[in-house]
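**Q**
Protein chains in written order, with my numbering: chain A, 1 to 60; chain B, 61 to 767.
1. Please list, in chain order, the residues of the stretch 277-293 of chain B that have any C-beta partner in chain A closer than 8 Å.
2. Would you call residue 522 of chain B buried or exposed, if buried means 16 or more other Cβ atoms sit within 10 Å of its Cβ?
3. Does residue 34 of chain A come within less than 9 Å of chain B when only Cβ atoms are used?
4. Any chance you could list the alpha helix (DSSP H) runs of at least 4 consecutive residues sitting entirely within the stretch 606-672 of chain B, in chain order?
5. Any residues in the stretch 151-165 of chain B with a beta carbon nearer than 9 Å to a beta carbon of chain A? Which ones, in chain order?
6. Under 8 Å: do the stretch 446-464 of chain B and the stretch 380-387 of chain B share three or more Cβ pairs, one atom per stretch?
7. Short of 9 Å Cβ to Cβ, which residues in the stretch 111-142 of chain B face chain A?
8. On the three-state DSSP scale, how would you describe residue 595 of chain B?
9. Could you give the C-beta distance for residue 441 of chain B and residue 64 of chain B, rounded to a whole number, given that I count them as a contact under 8 Å?
10. Is the distance from the Cβ of residue 621 of chain B to the Cβ of residue 716 of chain B below 9 Å?
11. Taking its Cβ as the centre, do 16 or more other Cβ atoms sit within 10 Å of residue 418 of chain B, making it buried, or is it exposed?
12. If I measure Cβ to Cβ from residue 840 of chain B and keep anything under 7 Å in the same chain, skipping five residues before and after, which residues do I get?
13. Let me check one thing: in DSSP terms, what residues is residue 33 of chain A bridge-paired to?
14. Roughly how many angstroms separate the alpha carbons of residue 541 of chain B and residue 483 of chain B, rounded to a whole number?
15. Quick check on residue 78 of chain B: buried or exposed, where buried means 16 or more other Cβ atoms within 10 Å of its Cβ?
16. Mapping DSSP to helix, strand and coil, what is residue 365 of chain B?
17. Could you name the residues of chain A that residue 427 of chain B contacts, counting a contact when the two beta carbons are closer than 9 Å?
18. Between residue 556 of chain B and residue 592 of chain B, how many whole angstroms is the CB-CB distance? I'm expecting something under 8 Å.
19. Looking only at its chain, what residues have a beta carbon closer than 8 Å to the beta carbon of residue 635 of chain B, apart from the 5 residues adjacent to it on each side?
20. Roughly how many angstroms lie between the CA atoms of residue 532 of chain B and residue 132 of chain B, to the nearest whole one?
21. Just to confirm before moving on: does the CB-CB distance between residue 616 of chain B and residue 428 of chain B stay below 9 Å?
22. Let's test the definition: count the other Cβ atoms within 10 Å of the Cβ of residue 659 of chain B and tell me whether it reaches 16, buried, or not, exposed.
23. Would you kindly work out how many angstroms separate the C-alpha atoms of residue 262 of chain B and residue 163 of chain B, rounded to a whole number?
24. Just reading off the alpha helix (DSSP H) that residue 113 of chain B is part of, what are its end residues?
25. For residue 329 of chain B versus residue 559 of chain B, is the C-beta distance shorter than 9 Å?
26. Which ranges would you report for the alpha helix (DSSP H) in the stretch 684-761 of chain B if only whole runs of at least 4 residues count?
27. Which residue or residues does DSSP assign as beta-bridge partners of residue 94 of chain B?
28. For a contact meaning CB atoms closer than 9 Å, what does residue 338 of chain B contact in chain A?
29. Spell out the partners DSSP gives residue 128 of chain B in its beta bridges.
30. Compare the C-beta of residue 45 of chain A with all C-beta atoms of chain B and state if any pair is closer than 9 Å.
31. I'd like to know if residue 17 of chain A contacts chain B, where contact means its C-beta is closer than 9 Å to some C-beta of that chain.
32. Keeping to the same chain, check which residues put their C-beta closer than 8 Å to that of residue 352 of chain B; ignore five residues upstream and five downstream.
33. What in chain B is Cβ-close to residue 14 of chain A, meaning under 8 Å?
34. For a contact defined as C-beta to C-beta under 7 Å, what are the partners of residue 4 of chain A on chain B?
35. Is the separation between the beta-carbon of residue 409 of chain B and that of residue 205 of chain B shorter than 9 Å?
36. Taking all protein chains shown into account, do 16 or more other C-beta atoms lie within 10 angstroms of the C-beta of residue 316 of chain B, making it buried, or fewer, making it exposed?
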């Protein structure tokens with residue numbers, strides 16, 4: 001039971017993007033090791049701006 | 061043989077269960093039918109469609125290729141392009157396509173009985189809606205996540221592309237107006253609802269500041285706090301509604317709410333997203349998914365009997381009091397989202413294709429998420445048809461037909477051929493903590509009553525029914541407002557983009573004057589329709605919802621046309637029927653509905669028939685019989701009807717013209733490809749080998765952060 005709840009919590013965390021920054025760091029280190037990576041705050045701000053500045057839409 | 065039996069035996073069982081449930085739904089005699097039959101008919105049909113039809117589309121029609129790298133893998137930048145676990149992406153995609161549409165449409169369509177709506181929700185999703193979502197997702201993915209508009213321009217041509225762009229913009233305006241109308245109708249004269257919804261603004265502001273400055277990226281913890289505050293706000297609303305000091309302050313007329321919403325929409329579009337829109341988005345997503353799960357559990361536990369008949373006479377005579385028009389085409393126009401929704405093609409050609417790990421996953425994400433959306437619509441139709449039909453009609457019929465008191469409403473309902481006593485109507489209103497439930501159109505309040513009856517049967521009994529009712533209202537209003545915020549913003553960008561082609565500075569989204577003007581234009585657009593809808597003498601939902609449905613189906617026609625064109629270009633002419641048949645059906649439905657809305661001589665249906673009656677009344681200086689029959693009350697009403705029907709009628713003509721242009725332009729391309737010997741020009745990104753396995757893990761070297 002606890003195991004299931006933990007799995008659901010992890011899924012929700014994944015879905016709400018909490019691990020996105022860690023993955024970004026991995027990608028960044030692999031592709032542009034010479035450049036400075038964004039801080040956590042910068043990353044989420046940039047991500048949010050991306051999301052809402054691109055008029056992809058949603059269903060009513 | 062034995063192997064075949066093991067492989068397909070389970071599917072034979074599922075098919076038999078499905079056939080049995082459908083048989084009971086269609087033929088069983090007796091007083092009422094249990095919702096369980098409907099639930100299992102839906103689930104069995106989905107399972108078979110997903111296993112066989114979706115797989116056929118995946119393997120034969122699209123020919124997905126898992127050795128081909130997806131844009132997420134090739135262009136991985138850890139931000140917008142990133143291979144995402146398919147289960148997580150499924151959640152994202154579902155959250156983006158699930159909105160208020162699949163909840164409202166089926167409720168309105170229930171006036172024709174439970175069967176027409178149910179059949180279209182299930183058959184429509186399998187053969188049309190999920191096919192559209194899956195193919196659009198696949199084609200966009202093969203083109204590095206291009207939008208539907210870009211694909212229309214590249215694959216069909218500039219004319220089709222421009223028509224698609226104008227279609228999207230005008231649909232956006234109608235959509236926002238209709239959704240805002242649903243909120244206004246649900247909150248008018250309800251201090252409880254107004255208070256709890258107003259509280260979502262400070263809650264969202266708090267969450268925004270928290271995520272921006274205190275703990276960036278910790279979405280989950282702040283959402284938990286937000287949801288807790290939200291539930292507190294619902295309880296607070298109950299207290300406000302009972303207090304003599306504050307109840308009056310929080311009671312708004314429809315026109316006051318229109319004003320508040322327009323101001324709110326403008327401010328939300330101008331403010332930075334992190335402050336209001338983004339946190340509200342998280343809040344409504346979690347509320348939405350939570351409520352859908354609760355509803356599924358509630359229905360499974362209570363298994364309510366469906367009290368609405370299989371068909372009502374309104375399915376055939378087109379005289380329904382909720383919206384006018386016969387089963388064909390209006391059931392298909394009204395249900396929209398749960399069966400086939402053009403809006404999904406915007407999502408499926410936006411964010412999602414940039415995150416897919418493996419090509420074959422378009423089946424789970426495109427087709428699967430749409431099946432889930434359809435299941436939400438099935439639950440909505442269960443909640444609406446499990447209500448006493450008398451209560452249903454007393455809530456949803458055009459308020460002008462019902463009068464103001466419980467007695468007059470009960471009498472009107474018996475005129476529709478159903479019976480309910482005034483006592484039941486008053487009691488139902490009291491149970492959900494409202495003054496009155498009469499003429500609360502828009503679908504949301506009906507669904508909320510249905511949900512509150514199901515939930516309170518599981519938890520809390522009648523004591524909690526008022527809470528559950530306002531919980532449901534709040535959850536619908538919350539995500540409608542999120543759509544209003546986001547849609548206004550999207551519309552603003554589109555206008556800035558369009559005008560930017562002519563005058564450069566306008567295109568910069570950070571330029572404040574451009575931002576203000578474009579926001580004002582888009583808010584003014586939907587605000588106008590909202591105001592007209594709220595004050596429409598003939599009932600706003602009755603007039604505007606068909607327009608919204610036609611617009612949405614028009615967008616689906618664009619997506620299916622693009623899909624068919626690409627299939628032909630891929631050399632899959634013999635499978636072009638997969639998108640071609642839904643396209644033909646969709647075009648037939650949409651054009652018939654537009655035709656009737658434009659040319660029908662029946663003033664209950666045709667905009668121009670209504671307009672003629674209004675003109676005649678104005679010239680004569682008094683209402684003529686037609687308008688009196690439609691329940692217009694004064695000569696001012698006639699003036700209003702004149703303006704509204706002109707605008708609505710012209711828009712309908714515009715939508716119909718757009719469908720014809722897109723399909724005609726595409727037919728030219730098809731003709732050239734099939735008979736004209738033209739070489740297909742495809743804009744697919746070139747093949748590149750994938751280095752990820754089916755689970756998204758690395759096969760070889762390539763350190764690029766796949767997990």
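Ideal Cβ positions, reconstructed from N, Cα and C, are used throughout, including at glycine.
**A** So, from the listed chains and residues:
1. 277, 278, 279, 280, 283
2. That one is exposed.
3. No, because no Cβ of chain B sits closer than 9 Å to the Cβ of residue 34 of chain A.
4. 637-659
5. 151, 152, 155, 156, 157, 158, 159, 160, 161, 162, 164
6. yes
7. 136, 137, 138, 139, 140, 142
8. coil
9. The pair is not a contact, with the Cβ atoms about 37 Å apart (cut-off 8 Å).
10. no
11. buried
12. Outside the displayed range of chain B (61 to 767) lies residue 840 of chain B, so it cannot be described from this structure.
13. Residue 33 of chain A pairs with nothing; no bridge assigned.
14. 34 Å
15. Result: buried.
16. strand
17. Under the 9 Å cutoff, chain A gives no residues; its nearest Cβ is about 16 Å from residue 427 of chain B.
18. Their Cβ separation, rounded to whole angstroms, is 26 Å, which puts residue 556 of chain B and residue 592 of chain B out of contact at 8 Å.
19. 120, 121, 627
20. 37 Å
21. no
22. Exposed is the call here.
23. 27 Å
24. No alpha helix (DSSP H) holds residue 113 of chain B; DSSP gives it neither H nor E.
25. no
26. 685-689, 695-734
27. B:365
28. 48, 51, 52
29. DSSP output for residue 128 of chain B lists B:749 as bridge partner(s).
30. yes
31. Under the Cβ distance rule, residue 17 of chain A counts among the residues neighbouring chain B, one pair being separated by less than 9 Å.
32. Residues of the same chain with a CB within less than 8 Å of the CB of residue 352 of chain B, apart from the 5 flanking positions on each side, are 158, 436, 439 in chain order.
33. 145, 148
34. Residues of chain B passing the Cβ test: none, with the nearest at roughly 14 Å.
35. yes
36. exposed
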